[in-house]
Amino acid sequence: QAQKAGSYTIPAITVTIDGREHQTTPISCTITQISGTPSGSGQMGSTPKQQSSRTAEQSTFISFVPEKNQGYLSEAVRAKIKVYFHKGLTVNQISLPQFRGDGLLLDKLSDKPLQTEEIVNNEAYSVLIWDTYITGIKEGDYNLEFEVDAALLIRSRQPTSPPGFGSSFFNDFFSDYSNKPIRITSPEISFQVLPLPESGKPDGFTGAIGRFDLKVTAQPISVEAGEPITLTMSVVGTGNFDNVKAPIISELAGIKTYTPNETYTPDQNPHQGEKRFEQAVIIAEPTLQQIPPIVFSFFDPEKGKYQTLFSDAIDITVTSSPIAPEIARDPKRTDQPTSVSHQAEAGQVDV
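Going from the sequence shown to the numbering used here is simple: count from 1 and add 248.
Structure representation (structure tokens):
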């Protein structure tokens with residue numbers, strides 16, 4: 249920040265990275281005098297005059313910026329909440345933004361928002377930013393807004409003693425400032441929640457909305473009839489993973505399926521990641537040579553239509569498993585145990 253008018257050069261800045269020095273280029277600049285502002289006053293532009301006539305409430309505002317102003321039912325729409333405080337203010341306390349709006353849900357907000365600075369109308373602001381998602385849970389047109397409660401440190405009176413480091417300075421310092429509670433309210437934003445189209449809806453659609461890929465593996469692929477095979481099915485992408493259910497496998501004659509286990513691993517945010525399903529299937533028919541394609545359907549809001557993914561069929565080898573006959577005791581054998589407990593004593597089996 250320039251303290252007075254004149255020509256200046258910001259010198260080069262040097263940093264060392266991996267043993268090598270890197271240097272910026274010096275920057276030359278000229279600071280001009282604003283009409284009506286005394287030279288060397290230590291003030292920049294017309295900000296001080298504006299600050300003197302602006303209330304604390306007028307020095308703060310909220311901006312809610314969704315990627316779009318409409319979304320399909322259950323679609324998670326990315327958005328940013330930005331809370332601005334003029335650089336001349338000292339914020340002592342601040343609450344999380346409170347959401348108000350029917351028919352919509354907002355993701356839980358982090359208590360550690362991104363902190364940055366922006367220039368708005370040629371003035372500097374400190375900005376808190378929350379990356380979040382808004383989801384429509386009921387069709388229709390809605391208005392939404394946000395509120396933030398904050399406490400600002402405001403000078404209540406001028407010091408009664410000259411600055412110094414004696415006890416009077418500290419007495420004046422703590423008595424000259426007080427907390428001023430304020431409530432910041434955003435302008436109302438219109439948001440439309442659209443119904444999902446009925447045309448083209450697949451039979452296996454479970455409500456997944458977004459953009460996804462499907463990966464399927466099986467282990468082992470060589471079994472005896474009646475032995476289980478574990479299918480690992482991964483749905484990867486961005487969308488409302490709460491509505492992502494296990495992909496469908498056809499229960500053909502000779503294949504029995506069981507309820508899958510599921511785990512979700514988010515990536516950069518709760519709506520981006522991988523949902524993994526592990527499902528056991530039993531191949532009872534030795535003549536089967538493939539596990540049929542796995543099917544997963546979702547709605548792509550960018551294309552405005554349903555998509556269905558099919559995995560490749562998985563080749564398997566199934567061999568017959570003859571039923572083992574009961575062990576009959578051969579009276580001619582003297583080393584054959586007569587009971588399980590005898591086998592355990594002999595150290596031949598674990599119990």
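Where is the CB? At the ideal position from N, CA and C, for every residue including glycine.
Query, Result
"Alpha carbon to alpha carbon, how far is L321 from T505? Give it in angstroms, no decimals.", "31 angstroms"
"Would you list the residues sitting across from Y519 in a DSSP beta bridge?", "The residue asked about is misnamed: residue 519 is His in this sequence, not Tyr. BP columns for H519 are empty, so no partner."
"Considering G384, what are the terminal residues of the beta strand (DSSP E) in which it resides?", "371-384"
"So if DSSP puts N509 in a beta bridge, which residue, or which two residues, is it bridged to?", "E526"
"Between F547 and N488, what straight-line distance do the alpha-carbon atoms span, to the nearest angstrom?", "11 angstroms"
"With DSSP as the reference, identify every bridge partner of V492, one or two as the case may be.", "For V492, which the question treats as bridged, DSSP gives no partner whatsoever."
"First and last residue of the beta strand (DSSP E) that includes E366?", "362-368"
"Taking 9 angstroms as the cut-off, decide whether the C-beta atoms of H334 and T308 are in contact.", "yes"
"Using 9 angstroms as the threshold, is the C-beta distance between V483 and A456 below it?", "yes"
"Grouping DSSP H, G and I as helix and E and B as strand, with all else coil, what is S568?", "coil"
"Checking 9 angstroms against the spacing of the C-beta atoms, do K328 and F347 come in under that value?", "no"
"For E550, which three-state DSSP category applies?", "coil"
"Among residues of its own chain, excluding the 5 on either side of H270, which ones have a beta-carbon nearer than 8 angstroms to its beta-carbon?", "T262, V263, T264"
"Where does Q291 sit, in a helix, a strand or coil, going by DSSP?", "With a pLDDT of 34 at Q291, under the threshold of 50, the predicted position of this residue should be treated as unreliable, though the coordinate-derived value follows. Reduced to three states, the DSSP call for Q291 is coil."
"Tell me where the beta strand (DSSP E) around S482 begins and ends.", "476-487"
"Could you work out which residue in I430, Q440, T257 is closest to G194 when comparing CA atoms only?", "Nothing can be reported for residue 194: it is not among the residues displayed for the chain, which extend from 249 to 599."
"Among residues of its own chain, excluding the 5 on either side of L444, which ones have a beta-carbon nearer than 7 angstroms to its beta-carbon?", "Y320, L321, F547"
"Do N317 and S438 have their C-beta atoms within less than 9 angstroms of each other?", "yes"
"By alpha-carbon positions, which one of Y554, I432, K463, L536 ends up nearest to K449?", "Y554"
"Do T478 and Q235 come within 9 angstroms of each other at the CB atom, strictly closer than that value?", "As shown, the chain starts at 249 and ends at 599. That puts residue 235 outside it, with no answer to give."
"When you compare the CB positions of L557 and P495, do they come within less than 9 angstroms of one another, or not?", "yes"
"Beta strand (DSSP E) containing S276: first to last residue?", "275-279"
"Using a Cβ-Cβ cut-off of 7 angstroms (strictly less than) and excluding sequence neighbours within five positions of M292, which residues of its own chain qualify?", "At M292, the pLDDT of 33 sits below 50, so the modelled position is not reliable; the number obtained from the coordinates is stated separately. Around M292: Q249, A250."
"Nearest by alpha-carbon distance to T341: which of L352, I377, A398 is it?", "It should be pointed out that residue 341 corresponds to Gln in this sequence rather than to Thr. Among L352, I377, A398, the Cα nearest to that of Q341 is on A398."
"Restricting to Cα atoms, I'd like to know which of P476, T486, T513, V543 is closest to D451.", "V543"
"Compare the Cα-Cα distances from K551 to each of G485, R459, V464, L500 and report the closest residue.", "R459"
"Does the beta-carbon of I385 have 16 or more other beta-carbons within 10 angstroms, so that it is buried, or is it exposed?", "exposed"
"Can you tell me where the beta strand (DSSP E) holding I402 begins and where it ends?", "388-403"
"Just the C-alpha distance for T383 and E446, rounded to the nearest angstrom, thanks.", "20 angstroms"
"Could you tell me the alpha carbon to alpha carbon distance between L352 and Q306, rounded to whole angstroms?", "29 angstroms"
"Cα-Cα, which of Q281, T486, P259 is closest to T273?", "P259"
"Provide the residue(s) that pair with P450 in DSSP beta bridges, ordered along the chain.", "Its beta-bridge partners do not exist; DSSP assigns none."
"Apart from the five residues on each side of it in sequence, which residues of its chain come closer than 6 angstroms, Cβ to Cβ, to P476?", "A528, I530"
"For D397, decide whether its Cβ has a neighbour in chain B, counting only Cβ atoms nearer than 9 angstroms.", "The chain inventory of the structure shown lacks chain B, comprising one protein chain alone."
"Take P429 as the anchor and find which of R268, S559, C277, L337 has the nearest alpha-carbon.", "L337"
"By Cβ distance, which residues of its chain are closer than 6 angstroms to K463, with the 5 residues on each side in sequence left out?", "S482"
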